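The block underneath contains the structure these notes are about, expressed in C-alpha cells.
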Amino acid sequence: MVDSFLQSTVSLYVERETWKMLGGEKRTLRYALNGKF
Numbered sequence: 031m032v033d034s035f036l037q038s039t040v041s042l043y044v045e046r047e048t049w050k051m052l053g054g055e056k057r058t059l060r061y062a063l064n065g066k067f
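Residues 31 to 67 (our numbering) make up the sequence shown, in order.
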C-alpha cells in the first residue's frame, strides 16, 4: 500500500518535471486539447 502511494507520488513528480522541461503545464494542456501531444 505504501509502495503504490510512493509510486504514484513519484510518477506525478516526474510528470510535472517533464512538463516543466517541455515548457510548462499550460503548453502541455494546450497540446493535449489540440491533439498534438
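Cβ atoms here follow ideal geometry from the backbone N, Cα and C, with glycine treated the same way.
This one's a predicted model, so the numbers in the text were calculated from it and none came from an experiment.
DSSP state of residue i mapped onto helix, strand, coil
i: L52; result: coil
Same chain only: Cβ atoms within 8 Å of residue i, ignoring 5 sequence neighbours per side
i: S38; result: none
i: E45; result: none
Heavy atom of the ligand ADP within 7 Å of residue i beta-carbon
i: L52; result: The ligand ADP is absent from the structure shown, which contains no ligands of any kind.
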